[in-house]
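Step one of this worksheet: look at the structure below.
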Amino acid sequence: MAVDLLGQLRLYPLHEDAKPSYGTAGFRSRAELLPSTVFRCGALMALRAGALRQVTGIVITASHNPEQDNGVKLVDPSGNMLDSTWEGMADALCQAKTGHRAMQELTRIKQTWNVTTGGTVMLAHDTRSSANSLCQAASAGVAAVAGTAEAPLLLATPQLHWMVAQRNQGQPYSEADYFDSLLGAFEQLVSTFCSSASAQFWRPAFPPSPGKRQSPDSADFPLLTHLFVPQEVSVDAANGVGASKLAVASKRLNLLGLSIKLLNDGKAGGLNSNCGADYVQKEQACPSGFRSVIPGSRCASIDGDADRLLYFVPHKTRGIELLDGDRIAVLAATLLNRILQGRPAALPDSSFQEGAAGNEQVQMGIVQTAYANGASTAYVHDCLTSCKVVSTPTGVKHLHHAAAAFNIGIYYEANGHGTILFSPDMLAMLRQGQQGSWQQELSLLSKLMNQAVGDALSGLLLVEYALGRLGWGLQDWIDLYQDLPSRQLKVPVPDRSVFTTTHAEMRLLTPNALQGLIDSSVAVVEKGRCFVRPSGTENVVRVYAEAASQTEADKLANTIAQLIPEHCPVASNRSGG
Ligand code: G16
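Quick note, the sequence shown lines up with residues 1 to 577 if you use full-length UniProt numbering.
Given below as structure tokens:
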């Protein structure tokens, strides 16, 4: 039966306050403004599935934003975010003021892509109360172009990305398969490379010289039985969807001696409310619900849709030692370097040149954004010499593609969003490895790390494996380098589109005069760095500053934040993501 597309579009009219705009990770706004956008995204992703004859996906989530917000993340057949060439079409479709105009946009897409009917779209949502009605809107949009919308599933965002990628590669793709793949890889890594049988292999070739700092929990020869020493991580689950998913994983991880103590698991407390990875990073503070956690213990925080991960150590006061995405990337690069060099675990040692030799054949890179702490970038340049550092604008969609250019591309935003990509050539080479070889270890790591998108569960397994494998305690990881003090602020503005940037968002193009004022403020601050960029997920402009002292970083950020209103002419509101 023919579908009345125009009639359907008119059932989901554009809200008069909605100004949708495809942002850093799809569309976001207050939930009540979204039905039209979500319906149209359903139609768009069904047409993309039809055009490519592969399955696409939609996740209804506003990730780190508050409960009253929602949004759509659009998943390409590869499992990555929607191809950037379609973002303009998504904008034109979702911004069309009337059903008739929206239908014209859909017709244009059909003609351009020579597609008559929609394909299959997988749907997922997080724990927000607006999920049900928005999933219905997405399904209706898919059906309106004669596509097939699958039943929506309660999933963490990276799970759906993984499932779409697997399915299009003809691989098992259920949620159970997802857990089997990640946890199975972790189990195999531990049993193959951290067992007493592999102890010989892991004896350090370069035992620490006398007088060098010793890891508090390592003997001279770390036999890598560390993982079997019961390890507990207290995880702040942001009162989001990640809580139930981590609960599933923790049953299997317990058997390996890795115990996950779930806090902010959604039984009390609001989604991302004074908790979650965004809160912990921006406030540099312990999330709520951590009063019972012993100062100095190993803690982690994920965000509302479980695609970001940070580690932290609570101090006696409310403060924390933050181990952010930059540090996870450095830990990963250290582990990978040592595997590639056939080099065993050794304690952090300033005379030890990571990546100095042995892996010339493998191009490894770390992708960062402007938010990467200057100390982390300096550490990679100075100590991980075989790793190239690349900087991209904010957004996994940018980092992912830059990472894919390497044989092994590590990408992590400072906010904890990231993963490690292995190129097809690299994977083909790794498949030839024997049991117990470095190739097998890397191959298992490629299964542990979600190859589609940043994933908090992957990240947690990586950190625990890397620390156990290297024989490091948290302090060894912290001691690699000292972060420069930094401060992030957000300033609400009437129209964030007047802020445009260049140089991977490190410099402003417009408003014209503001960059000059930032430059002169930075020039008088020791180790000063500061930039301003419009958020792609909130109606704010973000200010980032770092300096030699916290007082100076705070002062620099505040000085620039105060300049913003006078450089921002009043214009139309934008409510989209
Ligand atoms: C999303 C993106 C991230 C980005 C973050 C903040 O994260 O996936 O890549 O870093 O937004 O972006 P912005 O500074 O433009 O608001 P999430 O976890 O909210 O989906």
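Backbone N, C-alpha and C fix where the C-beta goes; we use that ideal spot for every residue, glycine too.
Terminal residues of the beta strand (DSSP E) in which E552 lies: If you look at E552, you'll find it isn't in any beta strand (DSSP E); it sits in the alpha helix (DSSP H) that goes 550 to 563.
When you compare the stretch 454 to 468 with the stretch 300 to 314, are there three or more beta-carbon pairs, one atom per stretch, that lie closer than 8 Å? Between the stretch 454 to 468 and the stretch 300 to 314, the count of C-beta pairs closer than 8 Å reaches three or more; the two stretches touch.
Find the nearest neighbour of R327 within the set P77, L484, S21, M45, judged by alpha-carbon distance. Comparing Cα-Cα distances from R327 to each of P77, L484, S21, M45, the minimum goes to L484.
Report yes or no: do three or more beta-carbon pairs, one from the stretch 530 to 545 and one from the stretch 500 to 519, lie closer than 8 Å? Yes, the stretch 530 to 545 touches the stretch 500 to 519.
Cα separation between G416 and V280? G416 and V280 have their C-alpha atoms some 11 Å from each other.
Closer than 7 Å: S63 CB and nearest ligand 1 heavy atom: Yes; taking the cut-off as 7 Å, the Cβ of S63 has a heavy atom of ligand 1 nearer than that.
Out of curiosity, what's the CA-to-CA distance linking G242 and R338? Those two C-alpha atoms are separated by around 31 Å.
Would you mind reading off the limits of the beta strand (DSSP E) that contains Y544? Where Y544 is concerned, the enclosing beta strand (DSSP E) starts and stops at 540 to 546.
Taking the alpha-carbon positions, what's the D180 to R252 distance? Going from the Cα of D180 to the Cα of R252 covers about 10 Å.
Assuming V38 contacts A146 under a Cβ cut-off of 8 Å, what Cβ separation, rounded to an integer in Å, is found between them? Rounded, the Cβ-Cβ distance is 18 Å, inconsistent with contact.
Boundaries (first-last residue) of the alpha helix (DSSP H) holding T377: Unbroken alpha helix (DSSP H) run through T377: 374 to 383.
Please tell me whether, using a cut-off of 7 Å, the distance from the CB of S72 to the nearest non-hydrogen atom of ligand 1 is below it. It should be noted that the sequence gives Val, not Ser, for residue 72. False, no ligand heavy atom lies under 7 Å from that Cβ.
What separation, rounded to the nearest whole angstrom, lies between the Cα atoms of N407 and A466? Their Cα atoms are separated by approximately 20 Å.
Among L480, P565, H400, Q482, which one has its Cα closest to the Cα of T24? The candidate whose alpha carbon is nearest that of T24 is H400.
With DSSP run on the structure shown, which of helix, strand or coil describes residue 584? Here the chain comprises residues numbered 1 to 577, so residue 584 is not present and cannot be evaluated.
Taking all protein chains shown into account, do 16 or more other C-beta atoms lie within 10 angstroms of the C-beta of Q368, making it buried, or fewer, making it exposed? Flag for Q368 reads buried.
Nearest to G7 (by Cα), restricted to the options A504, G99, Q171: When each option's Cα is compared against that of G7, the closest is G99.
Bounding residues of the beta strand (DSSP E) (the contiguous stretch that carries Q368): 364 to 368 is the extent of the beta strand (DSSP E) around Q368.
State the Cα-Cα distance for the pair F27 and F422, rounded to the nearest angstrom. Cα-Cα distance, rounded: 29 Å.
Cβ-based burial, N132 [other Cβ within 10 Å; buried from 16]: Exposed.
Drop a sphere of 10 angstroms on the beta-carbon of A43, count the other beta-carbons inside from all chains shown, and report buried for 16 or more, exposed for fewer. Under the 10 Å beta carbon count, A43 is surrounded by 16 or more other beta carbons and is classified as buried.
What do you get for Q159, buried or exposed, if any count of 16 or more other CB atoms within 10 angstroms of its CB means buried? Buried, by the Cβ-count rule.
Quick one, which of L556, Q550, P565, C41 has its alpha-carbon nearest V541's? When only C-alpha atoms are compared, the closest one is P565.
Quick one: what's got a C-beta closer than 6 Å to N274's C-beta in the same chain, skipping five residues either side? Correct list, in chain order: S288.
Cβ neighbour criterion (16 or more within 10 Å) applied to D476: Its Cβ being crowded by 16 or more others within 10 Å, D476 is buried.
Specify whether the stretch 172 to 187 and the stretch 73 to 83 touch according to this definition: at least 3 beta carbon pairs, one from each stretch, less than 8 Å apart. These segments do not touch.
If you run the structure through DSSP and keep just helix, strand and coil, what is L9? DSSP places L9 in helix when its eight states are reduced to three.
Mind checking whether the beta-carbon of E505 lies closer than 7 Å to any heavy atom of ligand 1? No, Cβ of E505 sits at least 7 Å from all heavy atoms of ligand 1.
For D326, name the three-state secondary structure that DSSP assigns. Reduced to three states, the DSSP call for D326 is helix.
Report back the beta-carbon spacing between E441 and F193 to the nearest angstrom; my notes put them in contact at under 8 Å. Contact between E441 and F193 is confirmed by a C-beta separation of about 6 Å, below the 8 Å threshold.
Across which residues does DSSP place L74 in a beta bridge pair? Bridge partners of L74: I58.
Nearest neighbour of G374, chosen from S535, A402, A548 [CA to CA]: For the set S535, A402, A548, the Cα lying nearest the Cα of G374 is the one of A548.
Does ligand 1 have a heavy atom nearer than 7 Å to the CB of D417? At residue 417 the sequence reads His, which differs from the Asp that was named. Yes, ligand 1 has a heavy atom inside 7 Å of this Cβ.
Classify D382: buried if its beta carbon has 16 or more other beta carbons within 10 angstroms, exposed otherwise. It counts as exposed.
Collapsed DSSP secondary structure at D177 in the structure displayed: Note: D177 maps to helix in three-state DSSP.
Alpha carbon to alpha carbon, how far is A151 from K397? Give it in angstroms, no decimals. Pairing K397 with A151, the inter-Cα distance amounts to about 26 Å.
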